[in-house]
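A.B. asks:
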Amino acid sequence: MNNKKKVMVGMSGGIDSSVTAYMLKEEGYEVEGVYLKLHNRTDGYHESNLGHIENVTKFLDIKYHVLDLADEFTDEVYDYFVNSYLEGVTPNPCVKCNKQIKFGKMLEFAKKHNANFLATGHYAKTDGNFIFEADDKSKDQSYFLSQVSPEALPFMMFPLSERKKEDIVKFGAKLDIAYKRITEKNESQEICFVDTVYTDVIKKHANIDIPGKVLDKDGNVIGDHKGYMHYTIGKRRGFTVHGAHVPHFVTKLNPKDNTIVVGQKEALEINEVEVENLNMFIDEKEFDCTVKLRYRAMSSNCHVKIENNNKAYIILKEPAFGVAAGQLAVFYKDEKVLGSGWIKKTK
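For what it's worth, this note's numbering labels the leading residue of the sequence shown as 39, then goes sequentially.
1. Take every Cβ of the region 132-150, pair it with every Cβ of the region 182-200, and state whether three or more of those distances are shorter than 8 Å.
2. For residue 331, which of helix, strand or coil comes out of DSSP?
3. For residue 300, does the count of other Cβ atoms within 10 angstroms reach 16, so buried, or fall short, so exposed?
4. Report the CB separation of residue 316 from residue 361 in whole angstroms; it is logged as a contact under 8 Å.
5. Enumerated in chain order, which unbroken segments of the beta strand (DSSP E) with a length of 3 residues or greater are wholly contained in the region 109-146?
6. Measuring CB atoms only, is the region 102-111 touching the region 160-174, in the sense that at least three cross pairs come out at less than 8 Å?
7. What is the residue span of the beta strand (DSSP E) that residue 88 lies within?
8. Using 8 Å as the threshold, is the region 312-328 in touch with the region 282-297, meaning 3 or more CB pairs across them?
9. Roughly how many whole angstroms lie between the Cα atoms of residue 171 and residue 285?
10. Taking all protein chains shown into account, decide if residue 201 is buried (16 or more other Cβ within 10 angstroms of its Cβ) or exposed.
11. Using 8 Å as the Cβ pair cut-off and three pairs as the minimum, do the region 330-350 and the region 360-378 touch?
12. Should residue 49 go down as buried or exposed, given a rule of 16 or more other Cβ atoms within 10 Å for buried?
13. Since residue 369 is in the beta strand (DSSP E), which residue starts that stretch and which ends it?
14. Reducing DSSP to helix, strand and coil, say where residue 73 ends up.
15. Please determine, among 278, 289, 298, the residue with the shortest C-alpha to C-alpha distance to residue 308.
16. With respect to the beta strand (DSSP E) encompassing residue 106, which residues constitute its N-terminal and C-terminal limits?
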């Protein structure tokens, strides 16, 4: 027990962050909460979340802060999300948010309030030098944390790292009346500003319903689609291919002329990946490891060669399918995250 250590806990009003605060308080830390206001919603979203936080923090007898980062979130995450789809690439806003907002601006806030650590309800591990997968692989979020600055790691804490979700629910029962409200609160959706589907967000900023032509790999017109922003790499529905008797999948988006390229499943096969904007936790410039090319993908064995410290070439030992530019490639050695980079090209 160390009563001298102060921990700022990022609190959303949900059970994971609430139990995180409770566990740290029980361990003897000085705990304060912070709620991030990331969008200027007027539908009662923030009021509901803050009501849950008010219950929990009163029960724990800790104070909490409200940190308004809506402008920063719009600049760093929301605009990036919208512009990515306009440019025909598939974004990953949660990765951007963790790097720039949660373990960027929120960490700065914690330090200004003399906190020794910043804790969140993420399912991941850190030893101050590396990020590791959580014990509960079904909830593991190390992929989304792989772009966080190495300088931030010594200040990060993930108290749920060795817990399973069902254990958190049981642990949360100790929160008495506060528990009832946080368990009634729905699990956060994957992207906090997308209530339904991503196209509902994009259509606020652009006309996404402009019909276009479907092409084969040779540029021949073989069908029609309802607008390129409705599609991501690997999608197999929502367009027509004249006379097709087998499934076709989107392999490329062409924003400039509003066309999409499709092919049969083997057309999605890739063996090499080029990534940029690296965030590495090791110094090696060439190594073997496994790589995840999207969050729910199986890890693939590969060889990685880094050039100019900000670009890497990944040679896969076995082909991967449906890899999209704009997504993140995360390098692992067993459960340890070695680093990551944004996917630019595939072949």
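Heads up, the beta-carbon is just placed ideally off N, CA and C, and yes, glycines get one too.
Just so you know, these numbers come straight off a predicted model, no measurement behind them.
C.D. replies: Let me spell this out:
1. Three or more Cβ pairs drawn from the region 132-150 and the region 182-200 lie within less than 8 Å of each other, which places the two stretches in contact.
2. Residue state, collapsed to three classes: coil.
3. It is buried - the Cβ of residue 300 has at least 16 other Cβ atoms within 10 Å.
4. Contact between residue 316 and residue 361 does not hold, since their C-beta atoms are separated by about 17 Å, which reaches or exceeds 8 Å.
5. Along the region 109-146, the beta strand (DSSP E) does not occur as any fully enclosed run of 3 or more residues.
6. No: fewer than three Cβ pairs fall under 8 Å.
7. No beta strand (DSSP E) contains residue 88, which is instead part of the alpha helix (DSSP H) from 83-98.
8. With a cut-off of 8 Å, the region 282-297 and the region 312-328 do not count as touching, because too few Cβ pairs lie within range.
9. Cα to Cα, residue 171 sits roughly 35 Å from residue 285.
10. Buried: at least 16 other Cβ atoms inside 10 Å.
11. Counting Cβ pairs under 8 Å, three or more are found: they touch.
12. Residue 49 comes out buried.
13. Element bounds for residue 369: 366-371.
14. The answer is strand: DSSP assigns residue 73 an E or B state.
15. Ranking 278, 289, 298 by Cα distance to residue 308 puts 289 first.
16. Note, residue 106: beta strand (DSSP E), 102-106.
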